[in-house]
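For any residue, its number in my numbering is found by taking its place in the sequence shown, counting from 1, and adding 99.
Just so you know, even glycine gets a beta-carbon here, dropped at the ideal spot from N, CA and C.
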Amino acid sequence: MRIFDPHIHMTSRTTDDYQAMYDAGVRALVEPSFWLGQPRTSPASFFDYFDALLGWEPFRAAQYGIAHHCTIALNPKEANDPRCAPVLDALPRYLVKDSVVAVGEIGYDSMTPAEDTALAAQLQLAADHGLPALVHTPHRDKLAGLRRTLDVVRESHLPPERVLLDHLNETTVKEATDSGAWLGFSIYPDTKMDEDRMVAILKAYGTERVLVNSAADWGKSDPLKTRKVGDAMLAAGFSDDDVDQVLWRNPVAFYGLSGRLPLDLPTPGALHEGNSILRGGE
Ligand SMILES: [Zn+2]
100 MRIFDPHIHM TSRTTDDYQA MYDAGVRALV EPSFWLGQPR TSPASFFDYF
150 DALLGWEPFR AAQYGIAHHC TIALNPKEAN DPRCAPVLDA LPRYLVKDSV
200 VAVGEIGYDS MTPAEDTALA AQLQLAADHG LPALVHTPHR DKLAGLRRTL
250 DVVRESHLPP ERVLLDHLNE TTVKEATDSG AWLGFSIYPD TKMDEDRMVA
300 ILKAYGTERV LVNSAADWGK SDPLKTRKVG DAMLAAGFSD DDVDQVLWRN
350 PVAFYGLSGR LPLDLPTPGA LHEGNSILRG GE
């Protein structure tokens with residue numbers, strides 16, 4: 100089973116996770132820039148983080164045979180902090196980088212006016228840079244959040260077929276499907292979707308435009324949830340080809356809209372800016 104995890108925060112994960120993911124079949128992933136838990140107090144902290152997503156983390160992933168790509172954006176939560184808002188002005192210089200395959204994750208957290216501004220501005224940046232957008236839908240008040248998100252997408256210059264709506268569930272899947280956007284489902288250990296509910300949605304709605312991710316991060320999460328969905332699909336009677344479509348071809352097609360998705364692995368480098376993963380020692 101070949102697996103592309105279209106949404107996982109490897110910065111927060113260990114080398115054991117990289118090894119386990121490789122052993123489970125993960126060969127490529129996208130790491131969206133996001134909220135790190137600890138609030139950032141200046142744009143400079145974002146820039147160091149973006150540089151890590153473009154440099155250090157792909158270097159680390161390559162040691163484990165996994166191709167690493169990223170999405171760059173000002174996340175919805177921190178869009179509310181005026182100290183962080185200037186990040187928006189600096190995004191164009193990141194959006195031209197080769198391994199940036201979308202603008203994201205953008206969207207709503209608490210649905211504030213500052214989030215409105217950041218979402219609309221970043222959908223425009225995606226349109227201007229020929230990139231698709233990864234749009235997070237709120238964890239609270241999900242259906243209202245999805246509807247408001249879709250309104251902003253419809254008012255933007257980015258067509259819905261270049262938008263991935265993420266963190267969907269049973270309450271939002273119908274309207275998201277009707278919108279023409281790509282459909283993302285995050286599978287978590289306790290909350291949101293689990294693998295059996297995911298299989299039920301695939302039975303009801305089919306495998307077209309559906310992407311499944313672990314969204315693993317610094318909270319309780321499981322970087323092998325993509326594989327577990329693949330196994331649950333097979334157990335429920337889906338074919339190997341169906342699993343390949345959901346876990347590989349759909350994410351490749353969506354992020355391939357960027358025109359920058361080489362999947363052949365770079366040869367793992369020994370050094371990144373003079374440092375190895377051996378903590379400096381040769
Ligand atoms: Zn995320």
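Residue interval of the alpha helix (DSSP H) (run including residue i)
i, result
"D340", "339-343"
"P131", "Premise fails: P131 lies in the beta strand (DSSP E), 125-131, not in any alpha helix (DSSP H)."
"I300", "294-304"
"V252", "241-254"
"V234", "Not the alpha helix (DSSP H): V234 falls in the beta strand (DSSP E), residues 232-235."
"A161", "155-161"
"P212", "212-228"
"V195", "Careful: V195 lies outside any alpha helix (DSSP H) and carries neither H nor E."
"N349", "349-355"
Beta-ladder partner(s) of residue i, from DSSP
i, result
"W281", "L263"
"H106", "DSSP output for H106 lists no bridge partner at all."
"L310", "G283"
"N374", "H371"
"A334", "DSSP output for A334 lists no bridge partner at all."
"A178", "Bridge partners of A178: none, in fact."
Distance between residue j and residue i (C-alpha atoms, nearest Å)
i, j, result
"A348", "R159", "Correcting the residue identity first, residue 348 is Arg in this sequence and not Ala. Near 24 Å, if we compare the C-alpha coordinates of R159 and R348."
"G164", "A232", "26 Å"
"S209", "N179", "9 Å"
"G368", "A161", "8 Å"
"G244", "R326", "29 Å"
"S357", "D188", "21 Å"
"P157", "D150", "11 Å"
"M292", "V345", "16 Å"
"T114", "A123", "14 Å"
"A275", "G373", "46 Å"
"C183", "T140", "7 Å"
"E130", "L362", "15 Å"
"M297", "A166", "25 Å"
"G305", "D343", "13 Å"
"E381", "L370", "With a pLDDT of 46 at E381, under the threshold of 50, the modelled position of that residue is not reliable, and the figure given next carries that caveat. Taking the straight line joining both Cα atoms gives about 10 Å."
"D250", "G279", "13 Å"
"Q137", "A119", "27 Å"
"P181", "C169", "25 Å"
"W134", "E177", "7 Å"
Beta carbon of residue i nearer than 8 Å to that of residue j
i, j, result
"H228", "L194", "yes"
"K302", "T270", "no"
"L230", "V252", "no"
"R246", "Y207", "no"
"I102", "N312", "no"
"A352", "D295", "no"
"S111", "W317", "yes"
"D197", "R359", "yes"
"P105", "G355", "no"
Residue interval of the beta strand (DSSP E) (run including residue i)
i, result
"H168", "166-171"
"E204", "199-206"
Cutoff 8 Å: residue i Cβ touching any chain B Cβ
i, result
"T306", "The structure shown has no chain B; it contains just one protein chain."
Using a Cβ distance threshold of 8 Å, determine whether the segment 201-208 contacts the segment 321-337, with at least three qualifying pairs required.
no
When the Cβ atoms of the segment 332-339 are set against those of the segment 253-267, are three or more pairs found closer than 8 Å?
no
What is the chain-ordered set of residues for which the beta carbon lies under 7 Å from any non-hydrogen atom of ligand 2?
Ligand 2 is absent from the structure shown, which contains only ligand 1.
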